[in-house]
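**Student:** Going by this note's numbering, the letters in the sequence shown line up with residues 281 to 376, in that order.
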Amino acid sequence: MQELEPHRPTSPTSLNYRIDVFHRGRYLATSVMEASDLRLLLDVSGHLHVATFEAWVEIIVIDADQPQFTLDAKGTVTYRVTPVAERATHDGRSIH
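Right under this line is the structure:
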């Protein structure tokens, strides 16, 4: 699995993103998704109410630490996002 360098400038729509999902810190699953699916995930989880998609992608691409996002109000389900140079493995139709 080849990851992009953290400070590599690139267009957010030309990247794919690895999503690692955790429940109370325990690993559950990994998926690689396209930028459009990441946008939908950030929207569904409420993060686009806080900042724009472009702002989140900038943090994801530039920050050496993997940003961690929550999926539920209690913060028990979290996901980390990493830019990758891999094909998407995720079907965007399954995000609800």
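Even for Gly, the Cβ is constructed at its ideal location relative to N, Cα and C.
Would you kindly work out how many angstroms separate the C-alpha atoms of arginine 367 and glutamine 348, rounded to a whole number?
**Tutor:** The residue given as residue 367 occupies position 87 in the sequence shown. The residue given as residue 348 occupies position 68 in the sequence shown. Those two C-alpha atoms are separated by around 22 angstroms.
**Student:** Proline 363 bridges to which residues according to DSSP?
**Tutor:** By 1-based counting over the sequence shown, the position of residue 363 is 83. Answer is Tyr297, bridged to proline 363.
**Student:** Say whether the region 300-307 touches the region 321-332, bearing in mind that this needs 3 or more beta-carbon pairs closer than 8 angstroms, one atom from each stretch.
**Tutor:** Contact fails: fewer than three Cβ-Cβ distances are below 8 angstroms.
**Student:** Between the alpha carbons of tyrosine 297 and alanine 309, how many angstroms are there, rounded?
**Tutor:** Start at 1 with the first residue of the sequence shown, and residue 297 comes out as number 17. Start at 1 with the first residue of the sequence shown, and residue 309 comes out as number 29. Cα to Cα, tyrosine 297 sits roughly 14 angstroms from alanine 309.
**Student:** Between leucine 318 and the rest of its own chain, which residues show a CB-CB distance below 6 angstroms, the 5 nearest in sequence each way excluded?
**Tutor:** As a working mapping, residue 318 is identified with position 38 in the sequence shown. Excluding sequence neighbours, leucine 318 sits near Tyr297.
**Student:** Tell me whether valine 337 sits in a helix, a strand or coil according to DSSP, three-state version.
**Tutor:** Taking the sequence shown and counting its residues from 1, the one referred to as residue 337 is at position 57. Valine 337 falls in the helix class under three-state DSSP.
**Student:** Sorted by chain position, which residues of the same chain lie with C-beta nearer than 6 angstroms to tyrosine 359's C-beta, five sequence neighbours on each side aside?
**Tutor:** The count along the sequence shown starts at 1 and reaches residue 359 at position 79. Excluding residues within five positions, the ones whose Cβ falls inside 6 angstroms are Ile299, Val301, Phe349.
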